[in-house]
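K.L.:
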Amino acid sequence: MSATALPGPSLPPHGRRPTDDFAIPQRAAILFFRRVARITIGFFLQIGLRVQFFTEIVRAFGEVRTWMPLTVRQMRNIGVDSIPLAGIVAAFIGAVTAYQTVYQLFPGVQLSAVGWIVRQSVVLELGPLLTALVLAGRVGARMAAEIGTMRVTEQIDALETLAYDPIAYLVVPRTIAGLTMVPLLTILAIAIGIVFGGITVVAATKVRLTDYTSGLRLTFIPFQVYYALIKATLFGTSISLICSYEGYVTETGAEGVGRSTARAVVISSVVILLLDALTALYLAPALAP
Amino acid sequence: MKRRDEVIVGVFVTVAVVVGVVGTLWLARRGYSKSYPMYAVFDWGNNVKTGQPVLLAGVQVGYVDQVHLDPAGVLDVALSIDKQWKIPEGTTATVQNEGFFGDKSVALHPCLRAQATVGVEGAAGAVPPATSSTPTCRAGAFYPPGDTIPTGKPAPTIDQMLARVDSMSGSLSDVVKAFQVEMVQKNGVEDLHKTIQSTNALLLELHRVAEQQSAALTLTLATIRKSASALDSAALDTTVRNVAATTQNLKQMTSKLQETSARLDSVMESVAHGNGTVSKLLNDPSVYNDIHTLLARLDSLTADIKANPKRYINVRVF
Chain A
0 MSATALPGPS LPPHGRRPTD DFAIPQRAAI LFFRRVARIT IGFFLQIGLR VQFFTEIVRA
60 FGEVRTWMPL TVRQMRNIGV DSIPLAGIVA AFIGAVTAYQ TVYQLFPGVQ LSAVGWIVRQ
120 SVVLELGPLL TALVLAGRVG ARMAAEIGTM RVTEQIDALE TLAYDPIAYL VVPRTIAGLT
180 MVPLLTILAI AIGIVFGGIT VVAATKVRLT DYTSGLRLTF IPFQVYYALI KATLFGTSIS
240 LICSYEGYVT ETGAEGVGRS TARAVVISSV VILLLDALTA LYLAPALAP
Chain B
0 MKRRDEVIVG VFVTVAVVVG VVGTLWLARR GYSKSYPMYA VFDWGNNVKT GQPVLLAGVQ
60 VGYVDQVHLD PAGVLDVALS IDKQWKIPEG TTATVQNEGF FGDKSVALHP CLRAQATVGV
120 EGAAGAVPPA TSSTPTCRAG AFYPPGDTIP TGKPAPTIDQ MLARVDSMSG SLSDVVKAFQ
180 VEMVQKNGVE DLHKTIQSTN ALLLELHRVA EQQSAALTLT LATIRKSASA LDSAALDTTV
240 RNVAATTQNL KQMTSKLQET SARLDSVMES VAHGNGTVSK LLNDPSVYND IHTLLARLDS
300 LTADIKANPK RYINVRVF
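Order-wise, the sequence lines are chains A and B. 0 is the number of the first residue of the first sequence in numbering that gives the first Met the number 0; add one for each residue after it. 0 is the number of the first residue of the second sequence in numbering that gives the first Met the number 0; add one for each residue after it.
1) Give the residues of chain B in contact with Ser289/A, contact being defined as C-beta atoms less than 8 Å apart.
2) Since Ile80/B contacts Gly61/B with CB under 8 Å, what's their CB separation in whole angstroms?
3) Please go through the stretch 153-232 of chain A and give each complete alpha helix (DSSP H) segment of 4 or more residues, from N-terminal end onward.
4) Verify the CB distance criterion: does Met67/A have a CB-CB separation below 7 Å to chain B?
5) Measuring only the C-alpha atoms, how far is Glu62/A from Ile166/A?
6) Just the Cα atoms here: how many angstroms apart are His108/B and Gly9/B?
7) Assuming Gln59/B is part of the alpha helix (DSSP H), what are its boundary residues?
8) Return the chain-ordered ranges of every alpha helix (DSSP H) run that is complete within the stretch 63-151 of chain A and spans a minimum of 4 residues.
9) Would DSSP call Asp4/B helix, strand or coil?
10) Could you give the residue range of the beta strand (DSSP E) that holds Glu97/B?
11) Starting from Asp298/B, follow the alpha helix (DSSP H) in both directions and report where the run begins and ends.
12) For the beta strand (DSSP E) containing Leu54/B, name the first residue and the last one.
13) Below 9 Å on C-beta distance, what does Arg258/A contact in chain B?
14) Do the stretch 248-267 of chain A and the stretch 180-192 of chain A meet, that is, are 3 or more Cβ pairs less than 8 Å apart?
15) Quick check: Ala143/A and Gly252/A, are their CB atoms within less than 7 Å of each other?
16) I'd like to check one pair, Arg118/A with Leu208/A: are the Cβ atoms closer than 7 Å?
17) Val12/B versus chain A: which residues are under 9 Å apart at the beta carbon?
18) CB Val270/B to CB Ser260/B, shorter than 7 Å?
19) Determine, for Gln109/A, whether the minimum Cβ-Cβ distance to residues of chain B falls below 7 Å.
20) Can you tell which of Ala261/A, Tyr225/A, Val194/A, Gly177/A has its C-alpha closest to the C-alpha of Phe234/A?
21) Using a C-beta cutoff of 7 Å, does Ala27/B count as contacting chain A?
22) So Ala77/B and Tyr38/B are supposed to be a Cβ contact under 8 Å. How far apart are they, rounded?
23) Rounding to the nearest angstrom, what Cα-Cα distance links Asp303/B and Tyr311/B in this structure?
24) Indicate whether Gln73/A and Arg173/A have their beta-carbon atoms separated by less than 7 Å.
25) Buried or exposed for Arg75/A, please, with buried defined as at least 16 other CB atoms from any protein chain shown within 10 angstroms of its CB.
26) Would you identify the three-state DSSP class for Leu230/B, choosing helix, strand or coil?
27) Quick check on the DSSP output: the alpha helix (DSSP H) that includes Leu277/A runs from which residue to which?
28) So that I know if they touch, is there some Cβ in chain B lying closer than 7 Å to that of Val71/A?
29) Buried or exposed for Ala113/B, please, with buried defined as at least 16 other CB atoms from any protein chain shown within 10 angstroms of its CB.
30) From this set, Val201/A, Phe60/A, Glu124/A, Thr212/A, which residue's C-alpha is nearest Asp275/A's C-alpha?
31) In chain order, what residues of the same chain lie with their CB nearer than 7 Å to the CB of Glu159/A, ignoring the 5 residues before and after it?
32) Distance, Cα to Cα, Asp19/A vs Gln25/A?
33) Against chain A, with Cβ distances strictly below 7 Å, would Val208/B count as a contact?
34) Cutting at 7 Å between CB atoms, please list the residues of its own chain near Leu132/A, excluding the five before and the five after it.
35) Going along the chain, which residues of its own chain have a beta-carbon closer than 6 Å to the beta-carbon of Asp4/B, five neighbours each way excluded?
36) For Lys103/B, which of helix, strand or coil comes out of DSSP?
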């Protein structure tokens with residue numbers, strides 16, 4: 000046989016990609032689809048990494064002696080220390096909602112409608128949602144920054160060296176604290192919002208206290224409180240898990256900590272809003288009296 | 000203090016749980032006053048919801064506790080009534096509107112006191128006897144807890160009121176259209192203007208006539224006053240007295256004429272039916288016959304005298 004080359008695709012010279020010889024439209028289409036594939040794979044990769052992280056958390060729940068002593072400290076950080084901020088936000092929400100409602104009523108509408116609207120707004124929506132968003136900013140950012148700093152300063156590696164499970168040590172206490180404290184904070188926020196709403200309208204408008212309390216009780220069913228607690232539990236868990244994860248995967252120094260913190264707040268806020276919509280979608284029909 | 004965090008978290012958890020439980024109970028049970036259940040049955044479509052107030056004669060005495068949708072076409076409604084209130088026997092329950100925007104409340108209408116008294120004493124006729132739709136009114140009697148309050152006549156719904164308003168507005172629209180046709184398209188307004196102008200002119204004319212008549216009447220009255228003032232009261236008195244005397248004389252003359260007339264009547268009666276000479280002359284036919292016969296004889300005598308004068312007349316001179 001002669002040594003002539005066989006017909007077929009010729010190998011590209013060194014440093015060139017196979018698509019470099021293609022026409023420009025073909026190359027643009029290939030680059031577009033390549034990017035779409037990379038984004039899609041990256042999206043599913045992120046989901047997979049988080050699922051893996053969550054399974055690690057579930058596994059770490061077995062390390063009771065590791066996370067138990069630290070949980071109360073995190074409960075105080077997340078719950079007790081957030082009372083002033085959550086209380087101020089709730090007080091203003093209740094007061095402004097009640098005050099606005101009084102001046103939006105048509106003539107002839109019962110004044111007790113003010114209490115009813117404040118209760119529905121604060122209990123079902125504003126109390127859980129705004130408390131969670133405020134906590135996402137205050138607690139979530141702190142959580143991501145703490146864990147991220149420990150990551151970039153290799154304290155997490157040190158924990159592993161000392162045979163501590165870093166997830167049981169860092170993430171599980173925060174998750175439990177978020178799971179339990181956010182609903183309790185939400186209860187207090189709802190109560191503060193309703194009380195301040197009543198004080199505002201009674202002091203500043205012609206609405207009487209009996210009108211307001213009568214409206215508060217109108218069409219009330221206990222499931223409305225359960226609904227708020229379900230949402231608050233979901234929100235608190237989301238804040239803890241998302242912010243812990245973002246801090247846990249922090250890279251490249253102080254800049255990475257800042258980026259992780261910002262991403263933690265953004266993602267947890269968006270997830271809170273999505274969960275709010277989903278709970279309303281699935282549970283709101285059960286709220287009908 | 001080593002366990003400071005635990006204490007603080009414990010306090011926080013306790014307070015939050017207490018606030019949640021107590022607040023929920025306060026909202027769900029309308030405070031902490033004790034209550035007892037009552038029941039009512041309404042038709043479907045009354046928009047009854049839990050938490051709506053229950054009013055007894057306008058006073059809130061409880062709230063709607065539960066609403067059960069019965070497939071038979073009714074709503075079984077559980078009412079929670081405060082312990083301090085009792086529902087008088089004969090009370091009826093209706094769902095009434097609260098405001099214009101569909102708010103509802105359960106209104107309990109107690110029996111009137113008069114009806115209650117009559118119901119106790121059983122007075123006949125004053126009040127129709129109680130039937131199944133008109134519950135018995137007994138003063139001092141109350142429904143026992145857990146009883147079902149009879150349903151009264153429901154208040155009109157917003158839809159019914161809107162339908163009524165709609166029909167009224169339709170009628171009003173028809174009236175406006177007819178008014179427009181008559182007053183605008185058929186120049187009714189112009190006619191109305193003309194009528195008003197004519198009426199104004201007529202009124203002016205009447206006013207003018209009235210002024211003239213008033214002036215004439217004033218003049219007449221002045222003349223009458225002048226004439227009245229010119230009359231001599233003494234002469235007038237004498238005249239009146241003379242008129243009275245004349246009247247008296249006329250009266251006496253009339254009575255005498257009546258007497259004379261009565262006498263003439265009796266005379267005429269005796270002439271007509273009596274036995275006197277005049278009566279016989281007038282009424283007896285035999286007299287007439289005798290006179291007739293006499294005249295015949297005189298006639299024949301006269302004829303005989305004419306024929307034979309010498310038989311009757313003998314003139315002798317010597």
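Heads up, the beta-carbon is just placed ideally off N, CA and C, and yes, glycines get one too. Keep in mind that this is a model prediction, so the values were computed, not measured.
P.N.:
Reading off the structure:
1) Here chain A comprises residues numbered 0 to 288, so residue 289/A is not present and cannot be evaluated.
2) Position 81 of the second sequence holds residue 80/B. Position 62 of the second sequence holds residue 61/B. Right, their Cβ atoms sit about 4 Å apart.
3) 154-160, 171-203, 208-216
4) Counted from its first residue, the first sequence places residue 67/A at position 68. No, its Cβ sits nowhere closer than 7 Å to a Cβ of chain B.
5) On the first sequence, residue 62/A is found 63 positions in, with the first residue counted as 1. On the first sequence, residue 166/A is found 167 positions in, with the first residue counted as 1. Cα-Cα distance, rounded: 10 Å.
6) The count along the second sequence starts at 1 and reaches residue 108/B at position 109. The count along the second sequence starts at 1 and reaches residue 9/B at position 10. The alpha-carbon atoms of His108/B and Gly9/B are separated by roughly 51 Å.
7) Translated into the one-based positions of the second sequence, residue 59/B becomes position 60. Unbroken run through Gln59/B is the beta strand (DSSP E), 58-69; no alpha helix (DSSP H).
8) 63-77, 82-103, 111-118, 126-134, 140-151
9) Here residue 4/B refers to the residue found at position 5 of the second sequence. Note: Asp4/B maps to helix in three-state DSSP.
10) For the purposes of this step, residue 97/B is taken as residue 98 along the second sequence, with counting starting at 1. Note, Glu97/B: beta strand (DSSP E), 91-97.
11) To locate residue 298/B, count along the second sequence from 1; it is residue 299. Run containing Asp298/B: 284-306, per the alpha helix (DSSP H) assignment.
12) Start at 1 with the first residue of the second sequence, and residue 54/B comes out as number 55. Segment 52-55, the beta strand (DSSP E) holding Leu54/B.
13) For the purposes of this step, residue 258/A is taken as residue 259 along the first sequence, with counting starting at 1. Those do not exist, as Arg258/A stays about 31 Å from chain B at its closest Cβ, beyond 9 Å.
14) no
15) Stepping through the first sequence from its first residue, residue 143/A is reached at position 144. Stepping through the first sequence from its first residue, residue 252/A is reached at position 253. No, these two residues do not count as a Cβ contact at 7 Å.
16) The residue given as residue 208/A occupies position 209 in the first sequence. The residue given as residue 118/A occupies position 119 in the first sequence. No; because the gap between Cβ atoms is not below 7 Å, this pair is not in contact.
17) Looking up residue 12/B in the second sequence gives position 13. Those within 9 Å of Val12/B in chain A are Met74, Gly78, Thr179, Met180, Leu183.
18) In the second sequence, residue 270/B corresponds to position 271, counting from 1. In the second sequence, residue 260/B corresponds to position 261, counting from 1. The answer is no: Cβ separation not under 7 Å.
19) For this step, residue 109/A is matched to residue 110 along the first sequence. Yes, contact with chain B.
20) In the first sequence, the residue the question calls residue 234/A occupies position 235. Comparing Cα positions, the closest option is Gly177/A.
21) Taking the second sequence and counting its residues from 1, the one referred to as residue 27/B is at position 28. Taking Cβ atoms only, chain A reaches closer than 7 Å to Ala27/B, which makes this a yes.
22) Here residue 77/B refers to the residue found at position 78 when the second sequence is read from its first residue. Here residue 38/B refers to the residue found at position 39 when the second sequence is read from its first residue. Correct: roughly 6 Å between the Cβ atoms.
23) The residue you call residue 303/B lines up with position 304 of the second sequence. The residue you call residue 311/B lines up with position 312 of the second sequence. Using only the alpha carbons, I get a separation of about 9 Å.
24) As a working note, residue 73/A is residue 74 in the first sequence. As a working note, residue 173/A is residue 174 in the first sequence. Yes, the Cβ-Cβ distance between Gln73/A and Arg173/A is below 7 Å.
25) Along the first sequence, one-based indexing puts residue 75/A at 76. Its Cβ being crowded by 16 or more others within 10 Å, Arg75/A is buried.
26) As a working note, residue 230/B is residue 231 in the second sequence. It is coil, neither helix nor strand.
27) Reading the first sequence from its first residue, position 278 is the one you call residue 277/A. First-last of the alpha helix (DSSP H) with Leu277/A: 252-282.
28) Within the first sequence, residue 71/A is the residue found at index 72, counting from 1. Yes, Val71/A counts as interfacial toward chain B.
29) Translated into the one-based positions of the second sequence, residue 113/B becomes position 114. Only weak support exists for where Ala113/B lies, its pLDDT of 47 falling under 50; the value from the coordinates is given anyway. Under this definition Ala113/B is an exposed residue.
30) Translated into positions along the first sequence, residue 275/A becomes position 276. For the residues Val201/A, Phe60/A, Glu124/A, Thr212/A, the minimum Cα distance to Asp275/A belongs to Glu124/A.
31) Reading the first sequence from its first residue, position 160 is the one you call residue 159/A. Taken in chain order, the residues that qualify are Pro165.
32) Working through the first sequence from its first residue, we reach residue 19/A at position 20. Working through the first sequence from its first residue, we reach residue 25/A at position 26. About 10 Å.
33) What you label residue 208/B is simply residue 209 of the second sequence in a count that begins at 1. No - not a single Cβ of chain A is within 7 Å of the one on Val208/B.
34) Against the first sequence, residue 132/A aligns to sequence position 133. Within the same chain, Leu132/A has close Cβ partners Ser268, Ile271.
35) Reading the second sequence from its first residue, position 5 is the one you call residue 4/B. Taken in chain order, the list of residues that qualify is empty.
36) One-based indexing of the second sequence puts residue 103/B at position 104. It is a strand residue.
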